[in-house]
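For reference, the structure is listed below as structure tokens.
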Amino acid sequence: MVSLPITFNDEPVGTIGVRDDEFFVEYDERWLQTGFALSPHIPLDGSARPLSIEYFLSNLFPEGDQLDVLLRSMQIRKSNVMAILSAIGMDAPGAMAYGAEHVGENHLRRVTSEELVAKLDSGDPAQILVWDGRYRLSLAGVQMKLNIVLAEDNFFLADGCLASTHLLKFANPQHRYLIVNEFVCMRLAQAVGLEVAEVECLQFGAHRSLMVRRFDRELADGTPTGQQRRLHVIDGCQLLDLPPQYKYEQIHGVGRDVRHIRDGASIPLLFEAINQSLIPAKARIQLLDMILFNLIIGNSDAHGKNVSFRVDRAGVQMAPLYDLVSVCFEARQIPDIDDNLAMAIGDEFDADKITAYHLITMADEVGIDRNLLKRRLALMCGKVKKLAGLLSFDSLTEAEQDYAKALIVFILKRNDWFEQQVAEFKPVIASL
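First residue of the sequence shown: 210, per our numbering; consecutive thereafter.
See below:
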């Protein structure tokens, strides 16, 4: 048997591990009385499927090159889920820490801008992800990033039971303006009233970075200790009991022979799942607004792992939005980028072909009132039209500001299209 203790803000939760080749979670007796389940699919009554626990864990891990660096640097096999969890578990996504309660001393290791610049200049992802011989990334996703503690305008790496407060996301040389793209889209989302993670653009030498405040942490004011309270979150794949490779609805891609296989995360599945949330009516509006905003900005990569949910004893509710990027705009600059929708709208995956018909079809599929969808779309379009041109990007370079302005023009053009679709609702409904 291989197992690790689970703790929640230093409170014992239970044990997670593998026994006889099957994953298990055993909750502590006290946690059963006072706590909550890791996810809806790992309930307190101990009835979780071993596969559901494995899916839950694999969704905590980095992806792509970031996972490859972890496996190489720690000499871990990709199939060794518990070894990967042991490597990242003390600062994993959400509230739970997986591992010994005290792995070394609680310590903050200062990170200087000079160090970051040198590592970024190397062009080697391992330089950013491995510090002092230890792998430092513990968040899912493929984009190069680093967990840090921000305290008194200084950056630190957290050791022991300390937890990061922010993450730094770094631009890929092939997509050097993608950070600016995300910065603009996140700021626009905030302006129109969506709850989003706080973001700030930073510069390290020639390298642009986006600093994102973790919404699964409650920061303690006036202390650089990193001893803030952790908040538990799960992503859409964990909510749906899916492995991370099922984050796209078309799990095998869009090729002619496989595009009909649609077993991954989808909008109907997400709406069905949030019917079990703390306040279903509120969650449905939040999810709907997220979908509509992503359509307007052209965020075709809004997949199952790009939406998260807070979990506590009261229940499940939507977390702030993140990873809002106009992939469709980026695809106009770099033609080889796939801008098919991660999840279909009314059976349509082309982000440029979504009409009132597809939106009405989606509404019917998920049980949203057609007129409610129409009102939410009209409201969202009105806010984007009014506020997009008022955003200020003084912190960006001249070239970045030009990119930001072009992106805003692109978004407003898409917004005009969806405003036209609002007017099409009545005739489309009449024709059905």
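Even for Gly, the Cβ is constructed at its ideal location relative to N, Cα and C.
Remember, it's a predicted structure, so these values are computed and weren't measured experimentally.
Membership of Tyr236 in any alpha helix (DSSP H) is not indicated; the residue belongs instead to the beta strand (DSSP E) covering 231-236. Taken in chain order, the complete beta strand (DSSP E) segments of 3 or more residues contained in the region 429-513 are 442-444. A contact between stretches requires three or more CB pairs, one per stretch, nearer than 8 Å, and the region 265-284 meets this requirement with the region 452-464.
Annotated three-state conformation of Leu581 is helix, per DSSP. Closest by C-alpha distance to Arg426, out of Arg439, His416, Gly414, is Arg439.
Taking a 10 Å sphere around the C-beta of Arg286, we find fewer than 16 other C-beta atoms and assign the residue as exposed.
The alpha helix (DSSP H) runs of length 4 or more contained entirely in the region 268-322 are, from start to end of the chain, 273-283, 290-297.
The alpha helix (DSSP H) runs of length 4 or more contained entirely in the region 566-640 are, from start to end of the chain, 579-596, 607-640.
The continuous alpha helix (DSSP H) containing Pro334 extends over residues 334-338. In terms of CA proximity to Lys594, Gln629 leads the group Gln629, Asp573, Ser640, Glu361. For Glu263, the three-state secondary structure derived from DSSP is helix. According to the DSSP secondary-structure assignment, Gly524 is paired through a beta bridge with Asp521. Counting along the chain, Arg541 sits inside the alpha helix (DSSP H) bounded by residues 536-542.
In the same chain as Ala587, and ignoring 5 residues on each side of it, the C-beta atoms closer than 8 Å to its own belong to Glu628, Val631, in chain order. Met210 sits in coil when the DSSP states are folded into three classes, being neither helix nor strand. DSSP, reduced to helix, strand and coil, places Ile225 within a strand of the structure shown. Residue nearest to Val339 within the set Val575, Ile297, Gly223, Ala301 is Ile297 (criterion: CA-CA distance). DSSP places Ile388 in the uninterrupted alpha helix (DSSP H) bounded by 387-400.
Membership of Lys378 in the beta strand (DSSP E) is indicated by the continuous run 375-379. Between Cys370 and Ala301, the C-beta spacing is not below 8 Å. Counting only the Cα atoms, Asp330 lies some 43 Å from Leu478.
Per DSSP, Lys354 is one residue of the beta strand (DSSP E) stretching across 354-360. Here the alpha carbon of Ile577 sits roughly 12 Å from the alpha carbon of Ile476. In the structure shown, Ala327 falls within a helical segment according to DSSP collapsed to helix, strand and coil.
Leaving aside the five residues that flank Gly223 on each side, the residues in its chain whose CB is nearer than 7 Å to its CB run, in chain order, Ile215, Val234, Glu235, Tyr236, Asp237, Trp240. Look at Leu253 here: in three-state DSSP terms it is coil, with no helix or strand label. Following the DSSP letters along the chain, one finds Gln412 inside the beta strand (DSSP E) bounded by residues 408-413. The beta-carbon distance between Leu581 and Gln526, rounded to whole angstroms, is 20 Å. This is too long to meet the 8 Å contact definition. With respect to the 8 Å criterion, Lys328 and Lys354 are not classified as neighbours on the basis of their beta carbons. Per the DSSP secondary-structure output, Glu220 pairs in a beta bridge with Phe217. When the five nearest sequence neighbours on each side are left out, the beta carbons in the same chain lying within less than 7 Å of the beta carbon of Phe245 are those of Val520, Asp521, Arg522, in order along the chain.
In the DSSP assignment, Leu346 falls outside any beta strand (DSSP E) and carries neither an H nor an E. Counting the other CB atoms within 10 Å of its CB gives Leu260 a total below 16, which places it among the exposed residues. For Phe365, the beta-bridge partners assigned by DSSP are Arg319, Val358. Non-local beta-carbon contacts of Glu574 in its own chain, meaning distances under 6 Å to residues more than five positions away in sequence, involve Pro477 in chain order. Only buried fits Arg423, as 16 or more other CB atoms lie within 10 angstroms of its CB.
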